[in-house]
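First up is the structure itself, then whatever we jot down about it.
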Amino acid sequence: MSDSPDRAPQARASTMRWVPLAIVAALGALLFAGVLLSRNPNRDALPSPLIGKPAPAFRLPVLHEPGRLVTDRDLRGAPYLLNVWGSWCPACRDEHPVLTRFAETKRLRVIGFNWKDEHADALRWLEQFGNPYLMVLTDYDGKAAIDWGIYGAPETFLVDAGGTIRWKYVGPLTDEVIEKELLPKLAQIDAQSVQGKPL
Numbered sequence: 030m031s032d033s034p035d036r037a038p039q040a041r042a043s044t045m046r047w048v049p050l051a052i053v054a055a056l057g058a059l060l061f062a063g064v065l066l067s068r069n070p071n072r073d074a075l076p077s078p079l080i081g082k083p084a085p086a087f088r089l090p091v092l093h094e095p096g097r098l099v100t101d102r103d104l105r106g107a108p109y110l111l112n113v114w115g116s117w118c119p120a121c122r123d124e125h126p127v128l129t130r131f132a133e134t135k136r137l138r139v140i141g142f143n144w145k146d147e148h149a150d151a152l153r154w155l156e157q158f159g160n161p162y163l164m165v166l167t168d169y170d171g172k173a174a175i176d177w178g179i180y181g182a183p184e185t186f187l188v189d190a191g192g193t194i195r196w197k198y199v200g201p202l203t204d205e206v207i208e209k210e211l212l213p214k215l216a217q218i219d220a221q222s223v224q225g226k227p228l
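So that you can map any letter, position 108 of the sequence shown is 137 in this note's numbering, and since no number is skipped, the others follow by simple counting.
In structure tokens form, the structure reads like this:
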């Protein structure tokens, strides 16, 4: 019995030897998870709570016709792609040729959503790089963007004919994203429309 008090400190010392190893293992697991997540190009995107819900109501001026206001109801009747951009956005410049090629297919109405931009800067940017948009809505103060859950540019939304948001992509569109994500979602909308199912 005289040696039992000595065993408790030895047991604690033995246990303490494993603590640094456990910490290193936990950090290694976190690092591994981070590497896996970094392979996802859309990793910064939060799932939008608006998918499957009506597009937020808005009443915004048209860039090229400042006296004209367009509402969400005005855009209903056919699907459209709402593309958020700004002349101040470097990634929007990378996306622009891809968006232009897609708009030229006339597969879908492409509506611009110019966000927190100066009027003259937005016009100059489109003159320089070309205008792929059927119409450009302007959200000078960013209030409409809050309702859409927009937190960066570029962002893109697919809205069906009934005004329901069906898809969202955060970041610059690429040919691959259009081919593998947007077009299948659009085909699904078209199929449901033909079958007479509610969108």
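From the three backbone atoms N, C-alpha and C, an ideal C-beta is built for every residue, glycine too.
> Assuming PRO183 and TRP114 make a contact with CB atoms under 8 angstroms, what is their CB distance in whole Å?
Replying inline: Locating residue 183 in the sequence shown gives position 154, counting from the first residue. Locating residue 114 in the sequence shown gives position 85, counting from the first residue. With a Cβ gap of about 5 angstroms, PRO183 and TRP114 count as contacting.
> Going straight from the alpha carbon of THR185 to that of ARG153, what length do you get?
Replying inline: Your numbering for residue 185 matches position 156 in the sequence shown. Your numbering for residue 153 matches position 124 in the sequence shown. One alpha carbon belongs to THR185, the other to ARG153, and they sit about 22 angstroms apart.
> Does DSSP put LEU128 in a helix, a strand or coil?
Replying inline: The sequence position of residue 128 within the sequence shown is 99, counting from 1. LEU128 falls in the helix class under three-state DSSP.
> In this structure, what does DSSP give as the bridge partners for TYR231?
Replying inline: As displayed, the chain neither begins before 30 nor continues past 228, which places residue 231 out of reach and without an answer.
> Mapping DSSP to helix, strand and coil, what is PHE87?
Replying inline: As a working note, residue 87 is residue 58 in the sequence shown. Correct three-state label for PHE87: coil.
> What alpha helix (DSSP H) runs, 4 residues minimum, are completely inside the segment 147-228?
Replying inline: Complete alpha helix (DSSP H) runs here, min 4: 148-158, 172-177 and 212-223.
> In terms of alpha-carbon separation, which member of ILE140, VAL127, LYS82 and CYS118 lies closest to ASP103?
Replying inline: For the purposes of this step, residue 103 is identified with residue 74 of the sequence shown, where counting begins at 1. The option with the nearest alpha carbon to ASP103 is ILE140.
> Taking the alpha-carbon positions, what's the ARG88 to LEU111 distance?
Replying inline: Sequence index remark: in the sequence shown, residue 88 carries index 59 (1-based). Sequence index remark: in the sequence shown, residue 111 carries index 82 (1-based). C-alpha separation (whole angstroms): 14 angstroms.
>> So for PRO95, helix, strand or coil by DSSP?
In response: Taking the first residue of the sequence shown as 1, we reach residue 95 at position 66. For PRO95, the secondary structure class from DSSP, reduced to helix, strand or coil, is strand.
> Is the beta carbon of ARG105 sitting closer than 8 angstroms to the one on GLY192?
Replying inline: For this step, residue 105 is matched to residue 76 along the sequence shown. For this step, residue 192 is matched to residue 163 along the sequence shown. The answer is yes: Cβ separation under 8 angstroms.
>> I need the DSSP call for ARG136, collapsed to helix, strand or coil.
In response: In the sequence shown, the residue the question calls residue 136 occupies position 107. Three-state DSSP puts ARG136 in coil, outside helix and strand.
> To which residues does DSSP link TRP114 through a beta bridge?
Replying inline: Counting from 1 along the sequence shown, the entry for residue 114 is found at position 85. Note: TRP114 sits in a beta bridge opposite ASN143.
> Which residues in the same chain have their Cβ closer than 8 angstroms to the Cβ of ALA120, if we skip the five residues on either side of it in sequence?
Replying inline: To locate residue 120, count along the sequence shown from 1; it is residue 91. Once the five neighbours on either side are set aside, the close Cβ partners of ALA120 are ALA182, PRO183, GLY200 and PRO201.
>> Shorter than 7 angstroms, the distance from the beta carbon of GLN157 to the closest heavy atom of the ligand ZN, or not?
In response: In terms of ligand content, the structure shown is empty, and the ligand ZN therefore cannot be addressed.
>> What does the alpha-carbon distance come out to for the pair THR134 and THR203?
In response: Here residue 134 refers to the residue found at position 105 of the sequence shown. Here residue 203 refers to the residue found at position 174 of the sequence shown. So the alpha carbons of these two residues sit roughly 15 angstroms apart.
> Are ILE194 and LEU79 touching if we call contact CB-CB under 8 angstroms?
Replying inline: If you number the sequence shown from 1, residue 194 lands on position 165. If you number the sequence shown from 1, residue 79 lands on position 50. Going by C-beta atoms, ILE194 is nearer than 8 angstroms to LEU79.
> Just checking my contact of ILE218 with PRO85 at CB under 8 angstroms: how many whole Å lie between their CB atoms?
Replying inline: Numbered from its first residue, the sequence shown carries residue 218 at position 189. Numbered from its first residue, the sequence shown carries residue 85 at position 56. The Cβ separation is near 19 angstroms, so there is no contact.
> LEU212 to MET164, Cα distance in whole Å?
Replying inline: Here residue 212 corresponds to residue number 183 of the sequence shown, with the count starting at 1. Here residue 164 corresponds to residue number 135 of the sequence shown, with the count starting at 1. Near 21 angstroms, if we compare the C-alpha coordinates of MET164 and LEU212.
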